[in-house]
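A.B. asks:
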DNA sequence: CCGCGGATACATCTGCAGGCGGATGCGAGG
DNA sequence: CCTCGCATCCGCCTGCAGATGTATCCGCGG
């Protein structure tokens with residue numbers, strides 16, 4: 001039996017979900033809360049397995065409530081619910097340790113599957129959000145300019161060190177080289193990448209995910 | 001009835017999964033493949049609802065196969081499987097459009113729930129991977145150091161320009177200042193942020209999401 | 001075998017970066 | 001009013017950065 005707590009400020013929405021879950025033999029709604037503050041104390045009392053938590057709520061929003069609940073010992077799994085497709089909040093919720101993120105207008109059977117999935121230990125993310133999430137957070141697949149491949153192995157090493165902010169003397173010391181040699185490498189690198197100085201080299205490196 | 005295709009180079013693993021799915025009334029294994037190349041043609045012939053796809057395979061790996069399959073019209077949902085916790089491949093798979101990412105040593109009931117979840121239209125990500133994924137791709141919530149707030153309004157402007165790779169003379173020209181003045185600002189900025197030179201300033205800016 | 005091109009290493013020169021000192025303007029407080 | 005602190009602006013000096021010119025080693029083709 002999976003013990004579930006519902007947290008949402010809309011009583012009607014809670015009622016709908018409660019009806020849905022009641023039809024399932026392995027699911028049991030053990031409590032409901034209308035805001036984040038209530039949710040925290042409710043979870044402490046009822047010790048559920050899974051919490052369905054709306055993000056947008058009065059008094060204390062779903063994010064803050066999630067943080068407090070997860071800070072407790074042996075916390076339940078938490079699934080975030082939202083009306084809108086995706087906002088920053090969803091990503092933050094997942095980072096905070098929520099196990100799922102779903103849209104409120106999802107199919108009922110979909111919600112049921114999600115509850116069982118997170119209870120089993122995995123995470124669930126609404127399909128529509130997944131793509132967006134990754135596009136939003138994952139930096140693009142590194143469109144490394146062609147010119148970069150013109151660098152020799154050695155030059156790439158020097159490049160990496162310079163990109164981290166090391167001075168010529170520091171690079172020289174680390175690579176057992178003369179400072180003059182390092183300068184030569186830097187010059188060739190700058191020429192090949194058509195950059196003016198090492199400052200722009202650093203900018204280049206970060207903008208292309210090479211540092 | 002959810003029609004499933006198994007793709008894995010280990011016949012024993014496929015056998016185990018087939019047994020598991022056979023015990024479920026709503027799941028039907030309609031085909032198996034031992035490498036990516038086979039998988040693509042198998043999917044074209046059998047038109048399954050869900051594909052369980054190993055990442056590491058001979059001939060054509062799971063990523064390439066996923067890309068080809070998803071390029072077809074009305075493609076099935078694809079769940080990636082892997083032995084190891086997480087590598088770059090997993091993230092790429094999700095970005096390519098895979099609907100799930102699971103570990104091979106997951107609980108059986110867990111795999112079943114995942115299949116039903118992705119079939120319903122959502123995405124599933126192994127819990128152990130979720131945290132890592134987000135830490136890996138989402139840059140941290142910009143922990144801007146306290147020292148940065150010590151900067152003057154003017155200094156912040158100069159900082160932003162220097163962070164883009166502009167030289168002192170360029171900044172001077174753009175701000176209608178003497179080059180000497182720009183240098184003073186830079187010096188004060190470097191002191192306040194305890195940085196050595198403008199190169200490290202650029203590194204600092206990028207690492208804290210200020211550029 | 002020898003010549004040639006590329007990669008790597010070093011020395012020397014010019015210019016800019018950054019440290020240092022100092023000036024001005026402005027608001028707060030004695 | 002005077003002073004103190006702070007922000008903004010400017011000139012001078014030292015050192016590093018980057019361009020230029022070479023030298024050595026290696027592989028490849030004539």
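Residue numbers (the numbering used here), protein chains in the order written: chain A, 1 to 211; chain B, 1 to 211. Glycine included, each C-beta is placed from N, C-alpha and C at the ideal position.
Report the option in A:45, A:99, A:83 whose CA atom is closest to the CA atom of residue 67 of chain A.
C.D. replies: For the purposes of this step, residue 67 of chain A is taken as the residue at position 67 of the first chain. Residue A:99 is the option with its Cα nearest to residue 67 of chain A.
A.B. asks: Can you tell me which of the three DSSP states residue 98 of chain B falls into?
C.D. replies: Translated into the one-based positions of the second chain, residue 98 of chain B becomes position 98. Correct three-state label for residue 98 of chain B: coil.
A.B. asks: If you draw a straight line from the C-alpha of residue 177 of chain A to the C-alpha of residue 111 of chain B, how long is it?
C.D. replies: Counting from one through the first chain, the residue named residue 177 of chain A turns up at place 177. Counting from one through the second chain, the residue named residue 111 of chain B turns up at place 111. Cα to Cα, the separation comes out at about 55 Å.
A.B. asks: For residue 60 of chain A versus residue 45 of chain A, is the C-beta distance shorter than 8 Å?
C.D. replies: The residue you call residue 60 of chain A lines up with position 60 of the first chain. The residue you call residue 45 of chain A lines up with position 45 of the first chain. The answer is no: Cβ separation not under 8 Å.
A.B. asks: Give the DSSP-derived three-state secondary structure of residue 178 of chain A in the structure shown.
C.D. replies: In the first chain, counting from the first residue as 1, residue 178 of chain A sits at position 178. Note: residue 178 of chain A maps to coil in three-state DSSP.
A.B. asks: In chain B, which residues lie less than 7 Å from residue 117 of chain A when you measure between Cβ atoms?
C.D. replies: Locating residue 117 of chain A in the first chain gives position 117, where the first residue counts as 1. Residues of chain B passing the Cβ test: 113, 114, 117, 124.
A.B. asks: Going by other Cβ atoms of all chains shown within 10 Å of its Cβ, with 16 needed for buried, is residue 48 of chain B buried or exposed?
C.D. replies: If you number the second chain from 1, residue 48 of chain B lands on position 48. So residue 48 of chain B counts as buried.
A.B. asks: Which residue's Cα is closest to the Cα of residue 14 of chain B: B:185, B:30, B:1, B:26?
C.D. replies: Taking the first residue of the second chain as 1, we reach residue 14 of chain B at position 14. Here the closest residue by C-alpha is B:30.
A.B. asks: Compare the C-beta of residue 72 of chain B against all C-beta atoms of chain A and say whether one is closer than 8 Å.
C.D. replies: Locating residue 72 of chain B in the second chain gives position 72, counting from the first residue. It does not; no Cβ of chain A falls within 8 Å.
A.B. asks: Output needed for residue 32 of chain B: all residues of its chain with C-beta closer than 6 Å, excluding positions within five of it in sequence on either side, in chain order.
C.D. replies: Numbered from its first residue, the second chain carries residue 32 of chain B at position 32. Hits under 6 Å: 6, 14.
A.B. asks: Which partner residues does residue 31 of chain A have in the DSSP bridge list?
C.D. replies: For the purposes of this step, residue 31 of chain A is taken as residue 31 along the first chain, with counting starting at 1. A:5.
A.B. asks: In angstroms with no decimal places, state the Cα-to-Cα distance between residue 202 of chain A and residue 199 of chain B.
C.D. replies: Taking the first chain and counting its residues from 1, one reaches residue 202 of chain A at position 202. Taking the second chain and counting its residues from 1, one reaches residue 199 of chain B at position 199. In a straight line, the C-alpha of residue 202 of chain A is about 7 Å away from that of residue 199 of chain B.
A.B. asks: So who's on the other strand from residue 46 of chain B, going by DSSP bridges?
C.D. replies: Taking the first residue of the second chain as position 1, residue 46 of chain B is located at position 46. Paired residue(s): none; residue 46 of chain B is not in a bridge.
A.B. asks: Where does residue 164 of chain A fall in DSSP's three states?
C.D. replies: One-based indexing of the first chain puts residue 164 of chain A at position 164. Here residue 164 of chain A sits in coil by DSSP.
A.B. asks: Looking at the strands, I want to know which residues DSSP matches up with residue 82 of chain B.
C.D. replies: Walking along the second chain from the start, residue 82 of chain B turns up at place 82. Bridge partners of residue 82 of chain B: B:103.
A.B. asks: By the three-class DSSP mapping on this structure, what secondary structure does residue 10 of chain B have?
C.D. replies: If you number the second chain from 1, residue 10 of chain B lands on position 10. Correct three-state label for residue 10 of chain B: coil.
A.B. asks: Along the alpha helix (DSSP H) that carries residue 115 of chain B, what are the first and last residues, could you check?
C.D. replies: Reading the second chain from its first residue, position 115 is the one you call residue 115 of chain B. That run of the alpha helix (DSSP H) goes 108-120.
A.B. asks: Could you list which residues in chain B have their beta carbon closer than 8 Å to that of residue 62 of chain A, in chain order?
C.D. replies: Position 62 of the first chain, counted from the start, is the residue given in the question as residue 62 of chain A. What residue 62 of chain A touches in chain B: nothing, since even the nearest Cβ is about 17 Å away.
A.B. asks: Starting from the beta carbon of residue 120 of chain B, find every residue of chain A whose beta carbon is closer than 7 Å, and list them in chain order.
C.D. replies: The residue labelled residue 120 of chain B in the question sits at position 120 within the second chain. Within chain A, the residues near residue 120 of chain B are 107, 109, 110, 113.
A.B. asks: Taking just the CA atoms, how far does residue 124 of chain B sit from residue 8 of chain A?
C.D. replies: Here residue 8 of chain A refers to the residue found at position 8 of the first chain. Here residue 124 of chain B refers to the residue found at position 124 of the second chain. Taking the straight line joining both Cα atoms gives about 24 Å.
A.B. asks: Could you tell me the distance, in whole angstroms, from the CA atom of residue 70 of chain A to the CA atom of residue 97 of chain A?
C.D. replies: Taking the first residue of the first chain as position 1, residue 70 of chain A is located at position 70. Taking the first residue of the first chain as position 1, residue 97 of chain A is located at position 97. Roughly 7 Å between the two C-alpha positions.
A.B. asks: Below 8 Å, how does it come out for the stretch 172-191 of chain B and the stretch 150-164 of chain B: are there three or more Cβ pairs, yes or no?
C.D. replies: Touching, yes.
A.B. asks: Taking C-beta pairs closer than 8 Å, name the residues in chain A that residue 200 of chain B reaches, listed in chain order.
C.D. replies: Residue mapping note: residue 200 of chain B aligns to position 200 of the second chain, counting from 1. Near residue 200 of chain B (Cβ distances below 8 Å), the residues of chain A are 165.
A.B. asks: Ignore the nearest five residues each way along the sequence and tell me which others in residue 115 of chain A's own chain have a CB closer than 6 Å to its CB.
C.D. replies: As a first step, residue 115 of chain A is located in the first chain; it is residue number 115 there, counting from the start. These residues qualify, in order along the chain: 50.
A.B. asks: What residues of chain B sit near residue 206 of chain A, judged by a beta carbon separation below 9 Å?
C.D. replies: For this step, residue 206 of chain A is matched to residue 206 along the first chain. Ordered by position in chain B, the residues that pass the 9 Å Cβ test against residue 206 of chain A are 202, 203, 205, 206, 207, 211.
A.B. asks: Kindly indicate which residue of B:78, B:150, B:169 has the alpha-carbon position closest to the one of residue 179 of chain B.
C.D. replies: Position 179 of the second chain, counted from the first residue, corresponds to residue 179 of chain B. Comparing Cα-Cα distances from residue 179 of chain B to each of B:78, B:150, B:169, the minimum goes to B:169.
A.B. asks: Would you decide whether residue 211 of chain B is buried or exposed? Buried here means 16 or more other CB atoms lie within 10 Å of its CB.
C.D. replies: Position 211 of the second chain, counted from the first residue, corresponds to residue 211 of chain B. Per the 10 Å Cβ criterion, buried.
A.B. asks: Quick check: what's the CA-CA separation for residue 195 of chain B versus residue 186 of chain B?
C.D. replies: Your numbering for residue 195 of chain B matches position 195 in the second chain. Your numbering for residue 186 of chain B matches position 186 in the second chain. Whole-angstrom Cα-Cα distance: 10 Å.
A.B. asks: Is it right to say residue 76 of chain B is buried, meaning 16 or more other beta carbons lie within 10 angstroms of its own, or is it exposed?
C.D. replies: Reading the second chain from its first residue, position 76 is the one you call residue 76 of chain B. Residue 76 of chain B comes out buried.
A.B. asks: Nearest chain B C-beta to residue 152 of chain A closer than 8 Å, yes or no?
C.D. replies: Working through the first chain from its first residue, we reach residue 152 of chain A at position 152. Chain B contact via Cβ: absent.
A.B. asks: Looking at residue 171 of chain A and residue 182 of chain A, is the spacing between their C-beta atoms short of 8 Å?
C.D. replies: The count along the first chain starts at 1 and reaches residue 182 of chain A at position 182. The count along the first chain starts at 1 and reaches residue 171 of chain A at position 171. In this structure, residue 171 of chain A lies closer than 8 Å to residue 182 of chain A by Cβ.
A.B. asks: Mind checking whether residue 42 of chain B and residue 55 of chain B have CB atoms under 8 Å apart?
C.D. replies: Mapped onto the second chain, residue 42 of chain B falls at position 42. Mapped onto the second chain, residue 55 of chain B falls at position 55. The answer is no: Cβ separation not under 8 Å.
A.B. asks: Just list the residues that DSSP pairs residue 52 of chain A with in beta bridges.
C.D. replies: Within the first chain, the letter at position 52 stands for residue 52 of chain A. In the DSSP output, where bridge partners are listed per residue, residue 52 of chain A has A:6, A:79.
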